[in-house]
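K.L.:
One rule links them: number in this note's numbering = place in the sequence shown (from 1) + 138. Provided herewith is a single structure, encoded as structure tokens, for subsequent inquiry.
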Amino acid sequence: MASPRNSVMSPSSTRMRAMSSFSRTMGLMSRDILGLEGRIVMVTGAGRGFGRAIAHGYGRNGATVIAVDPDVELATSVASEVEALGATAIPIRGDMSVGQLVQFNAYLAQLTWPILGLGRVMAMYQRGFTSLKRLLELLDREPAVRDEDPLPLSVADLSGEVRLEGVGLWRDGRWLLKDLTLTVPEGMTLGITGRTGSGKSLLAALVPRLMDPTEGRVYVGGYEARRIPLATLRQAVGVAPQEPFLFSETILENIAYGLETLDRERVEWAARLAGIHEEILAFPRGYETVLGERGVTLSGGQRQRVALARALAKGPKILILDDALSAVDTETEARILQGLKGVLGRQTTFLISHRTATLRHADWIIVLDGGRIVEEGTHESLLEAGGLYAELDRIQRMEVEGEVEG
Ligand SMILES: Nc1ncnc2c1ncn2[C@@H]1O[C@H](COP(=O)(O)OP(=O)(O)OP(=O)(O)O)[C@@H](O)[C@H]1O
Ligand SMILES: [Mg+2]
Numbered sequence: 139m140a141s142p143r144n145s146v147m148s149p150s151s152t153r154m155r156a157m158s159s160f161s162r163t164m165g166l167m168s169r170d171i172l173g174l175e176g177r178i179v180m181v182t183g184a185g186r187g188f189g190r191a192i193a194h195g196y197g198r199n200g201a202t203v204i205a206v207d208p209d210v211e212l213a214t215s216v217a218s219e220v221e222a223l224g225a226t227a228i229p230i231r232g233d234m235s236v237g238q239l240v241q242f243n244a245y246l247a248q249l250t251w252p253i254l255g256l257g258r259v260m261a262m263y264q265r266g267f268t269s270l271k272r273l274l275e276l277l278d279r280e281p282a283v284r285d286e287d288p289l290p291l292s293v294a295d296l297s298g299e300v301r302l303e304g305v306g307l308w309r310d311g312r313w314l315l316k317d318l319t320l321t322v323p324e325g326m327t328l329g330i331t332g333r334t335g336s337g338k339s340l341l342a343a344l345v346p347r348l349m350d351p352t353e354g355r356v357y358v359g360g361y362e363a364r365r366i367p368l369a370t371l372r373q374a375v376g377v378a379p380q381e382p383f384l385f386s387e388t389i390l391e392n393i394a395y396g397l398e399t400l401d402r403e404r405v406e407w408a409a410r411l412a413g414i415h416e417e418i419l420a421f422p423r424g425y426e427t428v429l430g431e432r433g434v435t436l437s438g439g440q441r442q443r444v445a446l447a448r449a450l451a452k453g454p455k456i457l458i459l460d461d462a463l464s465a466v467d468t469e470t471e472a473r474i475l476q477g478l479k480g481v482l483g484r485q486t487t488f489l490i491s492h493r494t495a496t497l498r499h500a501d502w503i504i505v506l507d508g509g510r511i512v513e514e515g516t517h518e519s520l521l522e523a524g525g526l527y528a529e530l531d532r533i534q535r536m537e538v539e540g541e542v543e544g
């Protein structure tokens, strides 16, 4: 380790150097600007003690010190210090008349506020510039998932089938998903469950290509997902995410987000399916109710159902419900899921849930653990098998009973 003595330049010597270069520059400027003999020293961002020291040193030599600092107090204190010194030191040297001194004071008074303002604007500019830099960094980021030589496909060309072949996802030095092989035929409701962090959301993210797998292939609607134009793929897949994001717009606009035109009928149809229509009408401004900071705050369950309506509105071939009704009570959830089955018919559904009660609605269920499928079957067959699924079911039943007793 370097000894502290020669490792870094002491702060005071750095400051002194900066100070002398400042004074040289300002000294040249001073004659042009004010027509005064002597120097002007500008102090910016200095501590109070340092500012005073400069004021004292330079003031004694008949210089003018201008303090510029966002801290108004500091600037004012330094300025008054100089004035005091300037008023006494300069006449004694005899190179300034009383008239000049008065003139000088008048200039100084006129300069104070503009210079303070300049300091503030400079600080604001610097903050703004830093923010802009961060924003540009974000905008310049290349997306990891892009169109790569896509086939000329439209939504009508795709079926509802989803197939994974030996899929693995490697991130941060470990396999988050591994050896996933799976076929979900059109129209099937596939239940996905497992403990928290087992890879359920990641598996679902592969279908609309929010991520690409590290190994293996994903097929959607009969084509490899990578070869489908992203716009087509995302039109075909509707996702009701675990943590829905709603915009500070009207409910109508939030639900119509994925539609090409703002189709009110379509929006209401989707809202009915999502079991939120009545609640929306109960708001004072109905579908025109603005959400967010300047509008209405929705409950967790309401947010989830608005997000579900958004996913449904575009009539997706593949619907992904990522714990999409976790904040809704089980009876309402059952009603919504039943409704979905009746209306959407042939659509393929990924039903991700922690609740085994929810998974009853699935045709086939896979259980994930550590990114692998550890069990699969129907609700009944999995309960019988007495594995992880049965264990999760048992724990949930105990929790429900506990709540009833409590
Ligand atoms: N973008 C990512 N980069 C790296 N690791 C990730 C990423 N997304 C998720 N993970 C990790 O992958 C694992 C699986 O995450 P995932 O979100 O799929 O879990 P989950 O089964 O949906 O859990 P939950 O039931 O809590 O929603 C977790 O350990 C998580 O920390
Ligand atoms: Mg998840």
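Glycine included, C-beta positions come from ideal geometry on N, C-alpha and C. Please read all numbers here as calculations on a predicted model, not as lab measurements.
Check the DSSP bridge columns for R279 and list the partner residues they point to.
P.N.:
Position 141 of the sequence shown, counted from the start, is the residue given in the question as residue 279. DSSP lists no partner for R279.
K.L.:
Quick one: residues in its chain with C-beta nearer than 6 Å to the C-beta of V466, no 5 flanking neighbours on either side, listed in chain order?
P.N.:
For the purposes of this step, residue 466 is identified with residue 328 of the sequence shown, where counting begins at 1. G439.
K.L.:
So L436 and A462 are in contact, right, with Cβ under 8 Å, and what is the actual spacing, rounded?
P.N.:
Taking the sequence shown and counting its residues from 1, one reaches residue 436 at position 298. Taking the sequence shown and counting its residues from 1, one reaches residue 462 at position 324. About 15 Å; that fails the 8 Å criterion.
K.L.:
Between T399 and Y425, is the Cβ-Cβ spacing less than 8 Å?
P.N.:
Translated into positions along the sequence shown, residue 399 becomes position 261. Translated into positions along the sequence shown, residue 425 becomes position 287. No.
K.L.:
Around the C-beta of D305, are 16 or more other C-beta atoms found within 10 angstroms, so that it is buried, or is it exposed?
P.N.:
In the sequence shown, the residue the question calls residue 305 occupies position 167. This sequence places Val at residue 305; Asp is not what is there. Looking at its Cβ environment, which holds 16 or more other Cβ atoms inside 10 Å, V305 is buried.
K.L.:
Could you spell out the range, first to last residue, of the alpha helix (DSSP H) harbouring K338?
P.N.:
One-based indexing of the sequence shown puts residue 338 at position 200. Segment 338-344, the alpha helix (DSSP H) holding K338.
K.L.:
Where do the N-terminal and C-terminal ends of the alpha helix (DSSP H) with L328 fall, by residue?
P.N.:
For the purposes of this step, residue 328 is identified with residue 190 of the sequence shown, where counting begins at 1. Not the alpha helix (DSSP H): L328 falls in the beta strand (DSSP E), residues 327-332.
K.L.:
In whole angstroms, what separates the C-alpha of S235 from that of L254?
P.N.:
Taking the sequence shown and counting its residues from 1, the one referred to as residue 235 is at position 97. Taking the sequence shown and counting its residues from 1, the one referred to as residue 254 is at position 116. Cα to Cα, S235 sits roughly 28 Å from L254.
K.L.:
For G266, name the three-state secondary structure that DSSP assigns.
P.N.:
Position 128 of the sequence shown, counted from the start, is the residue given in the question as residue 266. Of the three classes helix, strand and coil, the one that applies to G266 here is helix, per DSSP.
K.L.:
Please report the residue range of the beta strand (DSSP E) in which I414 lies.
P.N.:
For the purposes of this step, residue 414 is taken as the residue at position 276 of the sequence shown. Per DSSP, I414 belongs to no beta strand (DSSP E) and is neither H nor E.
K.L.:
Look up E401 in the DSSP assignment and give the residues it is bridged to.
P.N.:
If you number the sequence shown from 1, residue 401 lands on position 263. Strictly speaking, residue 401 in this sequence is Asp, with Glu absent from that position. In the DSSP output, where bridge partners are listed per residue, D401 has none listed.
K.L.:
Return the first residue and the last residue of the alpha helix (DSSP H) that K452 is part of.
P.N.:
Position 314 of the sequence shown holds residue 452. Counting along the chain, K452 falls outside any alpha helix (DSSP H), and DSSP gives it neither H nor E.
K.L.:
What residues sit near ligand 2, counting only those whose C-beta is closer than 7 Å to one of its heavy atoms, in chain order?
P.N.:
With the cut-off at 7 Å, the residues found are K338, S339, Q380, D460, D461, I490.
K.L.:
To the nearest angstrom, report how far apart V538 and T516 are at their CA atoms.
P.N.:
As a first step, residue 538 is located in the sequence shown; it is residue number 400 there, counting from the start. As a first step, residue 516 is located in the sequence shown; it is residue number 378 there, counting from the start. So the alpha carbons of these two residues sit roughly 22 Å apart.
K.L.:
Just verifying my parser: in three-state terms, what is the DSSP assignment at A378?
P.N.:
By one-based count along the sequence shown, residue 378 stands at place 240. In this structure, A378 counts as strand in the three-state DSSP scheme.
K.L.:
Looking at C-alpha atoms only, which residue of L478, V322, R432 is the closest neighbour of H499?
P.N.:
Indexing the sequence shown from 1 puts residue 499 at position 361. Ranking L478, V322, R432 by Cα distance to H499 puts L478 first.
K.L.:
Helix, strand or coil, according to DSSP, for G360 in the structure here?
P.N.:
Within the sequence shown, residue 360 is the residue found at index 222, counting from 1. If DSSP states are grouped into helix, strand and coil, G360 belongs with coil.
K.L.:
Contact check, V390 vs R372 under 8 Å by CB: the rounded distance?
P.N.:
Along the sequence shown, read from residue 1 onward, the residue named residue 390 stands at position 252. Along the sequence shown, read from residue 1 onward, the residue named residue 372 stands at position 234. For the record, residue 390 in the displayed sequence is Leu; it is not Val. Contact flag wrong, Cβ pair sits at about 21 Å.
K.L.:
Could you spell out where the beta strand (DSSP E) holding R301 opens and where it closes?
P.N.:
Counting from 1 along the sequence shown, the entry for residue 301 is found at position 163. Its beta strand (DSSP E) spans residues 300-309.
K.L.:
I think R301 touches Y357, with their Cβ atoms under 8 Å apart; what is that distance to the nearest whole Å?
P.N.:
Counting from one through the sequence shown, the residue named residue 301 turns up at place 163. Counting from one through the sequence shown, the residue named residue 357 turns up at place 219. The pair is a contact, with the Cβ atoms about 4 Å apart (cut-off 8 Å).
K.L.:
CA-CA distance, T331 and G359?
P.N.:
Numbered from 1 along the sequence shown, position 193 holds the residue referred to as residue 331. Numbered from 1 along the sequence shown, position 221 holds the residue referred to as residue 359. Distance between the alpha carbons of T331 and G359 is about 23 Å.
K.L.:
How about I456 and G329: do their beta carbons lie closer than 8 Å?
P.N.:
In the sequence shown, the residue the question calls residue 456 occupies position 318. In the sequence shown, the residue the question calls residue 329 occupies position 191. No; because the gap between Cβ atoms is not below 8 Å, this pair is not in contact.
K.L.:
Under the DSSP definition of a beta bridge, which residues are partnered with F488?
P.N.:
Locating residue 488 in the sequence shown gives position 350, counting from the first residue. In DSSP, F488 forms a bridge with L328, I458.
K.L.:
From the DSSP output, read off the bridge partner residues of G515.
P.N.:
Here residue 515 refers to the residue found at position 377 when the sequence shown is read from its first residue. Its beta-bridge partners are I503.
K.L.:
Let me know the secondary structure DSSP gives V587 once reduced to three states.
P.N.:
Past the boundaries of the shown model lies residue 587; the chain is included only from 139 to 544, so the question cannot be answered.
K.L.:
Output the boundary residues of the beta strand (DSSP E) element that contains T321.
P.N.:
For the purposes of this step, residue 321 is identified with residue 183 of the sequence shown, where counting begins at 1. From DSSP, the beta strand (DSSP E) with T321 extends over 312-322.
K.L.:
Determine which residues share a DSSP beta bridge with E353 and list them.
P.N.:
Counted from its first residue, the sequence shown places residue 353 at position 215. Answer is G306.
K.L.:
For A342, collect the residues of the same chain with a Cβ closer than 8 Å to its Cβ; drop the 5 residues on either side in sequence, then sort them by chain order.
P.N.:
Sequence index remark: in the sequence shown, residue 342 carries index 204 (1-based). I330, V377, I458, D460, F488, I490.
K.L.:
So which of K338, A409, A420 has the shortest CA-CA distance to A449?
P.N.:
Locating residue 449 in the sequence shown gives position 311, where the first residue counts as 1. The shortest Cα separation from A449 among K338, A409, A420 belongs to A409.
K.L.:
Under three-state DSSP, which class holds L274?
P.N.:
Start at 1 with the first residue of the sequence shown, and residue 274 comes out as number 136. Helix, per DSSP.
K.L.:
Have a look at the DSSP bridge pairing and note the partners of L429.
P.N.:
Within the sequence shown, the letter at position 291 stands for residue 429. V434, per the DSSP bridge assignment.
K.L.:
Candidates Y361, L307, E362: which alpha carbon is nearest E353's?
P.N.:
Looking up residue 353 in the sequence shown gives position 215. E353 has its Cα closest to that of L307, out of Y361, L307, E362.
K.L.:
So the candidates are L314, R309, E299, R333; which of them puts its Cα closest to the Cα of T321?
P.N.:
Walking along the sequence shown from the start, residue 321 turns up at place 183. Closest option to T321, Cα to Cα, is E299.
K.L.:
Could you check whether the Cβ of S336 sits closer than 7 Å to any heavy atom belonging to ligand 1?
P.N.:
Residue 336 sits at position 198 when you count from the first residue of the sequence shown. Yes - ligand 1 has a heavy atom lying nearer than 7 Å to the Cβ of S336.
K.L.:
Which two residues bound the contiguous alpha helix (DSSP H) that contains A495?
P.N.:
As a working note, residue 495 is residue 357 in the sequence shown. Segment 494-497, the alpha helix (DSSP H) holding A495.
K.L.:
Across which residues does DSSP place T388 in a beta bridge pair?
P.N.:
For this step, residue 388 is matched to residue 250 along the sequence shown. Looking at the DSSP assignment, T388 forms a beta bridge with V428.
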